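Quick note on numbering: my numbering labels position 43 of the sequence shown as 87, and the sequence is numbered without any gaps.
Below is one structure, written out as structure tokens; the observations come after it.
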Amino acid sequence: MYDKIKKQDPAVYKAIRAEVSREQEGIELIASENFTSEAVMEAQGCVMTNKYAEGYPGKRYYGGCECVDVVETLAIERA
């Protein structure tokens, strides 16, 4: 994981790896800083982050949000 960052910006990669080590070697007692799965981190870094989707599924201010609507509707149904 992070191979592209390692190649593009070694300093940022080093900081990310240090944070991974910190999280793995310690215990975090702040609820908002719990661990996120690799699947969630991958989804957060996917092409969906390129789209601005103001509003609610099916009622967006901007067009081209059909795929975002699918994912957001799934999240609502699963909550």
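For every residue, glycine included, the Cβ atom is placed at its ideal position computed from N, Cα and C.
A quick note: this is a predicted structure, and the numbers were derived from the prediction, not measured.
Residue range 110-122 is occupied by the alpha helix (DSSP H) that includes residue 115. Where residue 57 is concerned, the enclosing alpha helix (DSSP H) starts and stops at 54-69. Going by beta carbons, residue 112 and residue 92 fall inside the 8 Å limit. In this structure, residue 79 keeps its C-beta atom at 8 Å or more from the C-beta atom of residue 69. A check of alpha carbon separations from residue 118 across 60, 101 and 65 identifies 101 as the nearest.
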